[in-house]
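Step one of this worksheet: look at the structure below.
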Amino acid sequence: MAVDTAGRLAPPPRTAFFNDPVIRGYFYQALLVLIVGGLVYWLGANAIANLTAQGKSLGFDFLRNTAGFDIAYTLIPYSRTSTYLDVFFVGLLNTLLVSLISIVLATLLGFFLGIARLSPNWLVAKVAAIYVEFTRNIPLLLQLFIWYFAVLKVMPAVKQSYSLGDMVFINQRGVFIPSPVPDDKFVWVVVALVIAVLASIAVRIWAKTRLEATGQRFPVFLTVLAIVIALPALTWLVTGANLALDVPKLTGFNFRGGIDLPPELLALIFGLTIYTATFIGEIVRSGIEAVSRGQSEAAQSLGLREGDRLRLVVIPQAMRVIIPPLTSEYLSLTKNSSLGAAIAFPELVSIFSGTALNQAGRAIEIVGMTMAVYLTFSLIVSLIMNIYNARVALVER
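Heads up: the sequence shown runs through residues 9 to 405, numbered per our numbering.
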């Protein structure tokens, strides 16, 4: 640094105002905000001007109007006299139902495929590799068509349904399964089951801590199984609760009673699960391979069995690599559920951004609400996965 005549350190030269990187950064950010804000304002003003010229206005009053059309599959009460707001909630719940079920099934199948691809068994590894390469290179829309038109819609007619123990019936109209009908006392069995699950988690944590501290194993699986079965069963006997089954019965030209799983729902779940699981499987495989082989060898030298090495050593370290791309797959699966419109499943895009938009003519409001739903779901999934990712991340000393 420069020294003045008195032998003191001279202050650094002053930087020009606009050459200061901090000030320049703030300037560019403010400029970007102004440009985006101006663009949004221009688009909004242009839309309002065009709507005014057509004698229309923006607003959500139409949500209280009668929809006037039926929906084949709903989770909440709905009829032709229901409103467009009811249509929105029906589509929202159907989308969430398909997305959540498919995420769980795709995760389980994907982890199985990822581990199978690294199996020392040549046949298992090759079968898993062929499955992954074949399935992920077929477009999802085509797979949905295959499941819907080539598998489920070619099932026998209603009166020639396949029967499984006279309780489950499969035909071209879907799968009909018994529905549980609990009495008022059955709530205590549910409470006992929740307590049993919490106790099982506590036992597993205690057993893991004990194993790390002393090296002594505890029969976690048998203990957890006993708790989960014994406590609800004992509660069931003590309270005298009753759980009846409403078995589907053929009445006229269709089955009545039970739970109806239409082919559109099953085809969408099958397609999303099988397609997304192939990508999750590759993510799991790459995450496991990212863990140093020395970790597994060190665990083996400590006497851990192969399953314990994978569960206690390899997978926990692989999760820091698996979680970020796994989050992207969850988001993609949720957005891909909109392909259900191609096979007539009444999800959000099909009945709200499709049928309701065509009847109400409120494109801006309906498309905006649909975009907000997918954005909100994506942000919630990202938040949950980021929290979990922060927990499994390696902490430096």
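From the three backbone atoms N, C-alpha and C, an ideal C-beta is built for every residue, glycine too.
Which two residues bound the contiguous alpha helix (DSSP H) that contains residue i?
{"i": "residue 343", "result": "323–344"}
{"i": "residue 216", "result": "194–222"}
{"i": "residue 134", "result": "130–144"}
{"i": "residue 150", "result": "148–153"}
{"i": "residue 166", "result": "Unbroken run through residue 166: none, as it is neither H nor E."}
{"i": "residue 386", "result": "371–400"}
{"i": "residue 307", "result": "301–309"}
{"i": "residue 364", "result": "No alpha helix (DSSP H) holds residue 364; DSSP gives it neither H nor E."}
Determine the extent of the beta strand (DSSP E) in which residue i is found, giving its start and end residues.
{"i": "residue 183", "result": "182–185"}
{"i": "residue 73", "result": "It is not in any beta strand (DSSP E) - residue 73 carries neither H nor E in the DSSP assignment."}
{"i": "residue 278", "result": "Premise fails: residue 278 lies in the alpha helix (DSSP H), 271–298, not in any beta strand (DSSP E)."}
{"i": "residue 64", "result": "Taken as a continuous stretch (DSSP letters only), residue 64 belongs to no beta strand (DSSP E), as it is neither H nor E."}
{"i": "residue 262", "result": "262–264"}
{"i": "residue 252", "result": "251–254"}
{"i": "residue 258", "result": "257–259"}
Hey, residue i and residue j are a contact pair by Cβ (cut 8 Å); roughly how many whole angstroms apart?
{"i": "residue 95", "j": "residue 359", "result": "6 Å"}
{"i": "residue 286", "j": "residue 121", "result": "7 Å"}
{"i": "residue 349", "j": "residue 362", "result": "6 Å"}
{"i": "residue 106", "j": "residue 282", "result": "The Cβ separation is near 14 Å, so there is no contact."}
{"i": "residue 167", "j": "residue 248", "result": "So it is not a contact: roughly 40 Å between Cβ atoms."}
Can you tell me whether residue i is buried or exposed, with buried defined as 16 or more other CB within 10 angstroms of its CB?
{"i": "residue 200", "result": "buried"}
{"i": "residue 128", "result": "exposed"}
{"i": "residue 111", "result": "buried"}
{"i": "residue 177", "result": "buried"}
{"i": "residue 372", "result": "exposed"}
{"i": "residue 82", "result": "buried"}
{"i": "residue 118", "result": "buried"}
{"i": "residue 42", "result": "exposed"}
{"i": "residue 272", "result": "buried"}
{"i": "residue 322", "result": "buried"}
{"i": "residue 313", "result": "exposed"}
{"i": "residue 49", "result": "exposed"}
{"i": "residue 345", "result": "buried"}
Can you pull the DSSP bridge partners for residue i?
{"i": "residue 172", "result": "176"}
{"i": "residue 161", "result": "Residue 161 pairs with nothing; no bridge assigned."}
{"i": "residue 190", "result": "251"}
{"i": "residue 91", "result": "74"}
{"i": "residue 316", "result": "According to DSSP, residue 316 bridges with nothing at all."}
{"i": "residue 268", "result": "184"}
So does residue i have its beta carbon nearer than 7 Å to some heavy atom of the ligand PLP?
{"i": "residue 251", "result": "Of ligands this structure carries none, so the ligand PLP is not represented either."}
- Item | Inter-stretch contact at 8 Å, needing at least 3 Cβ pairs: the region 321–333 / the region 56–76 | In short, these stretches do not touch, since the Cβ pair count stays below three.
- Query: Hey, is the region 264–275 in contact with the region 171–187, meaning 3+ C-beta pairs nearer than 8 Å?
  - Reply: yes
- Message: Under 8 Å, with one C-beta from each stretch per pair, do the region 185–201 and the region 236–254 reach the 3-pair mark?
- Response: The region 236–254 and the region 185–201 touch, with three or more beta-carbon pairs separated by less than 8 Å.
- Message: Count Cβ pairs between the region 292–303 and the region 196–210 that sit closer than 8 Å; are there 3 or more?
- Response: Using a C-beta cut-off of 8 Å, the region 292–303 makes no contact with the region 196–210, since fewer than three inter-stretch Cβ pairs fall below that distance.
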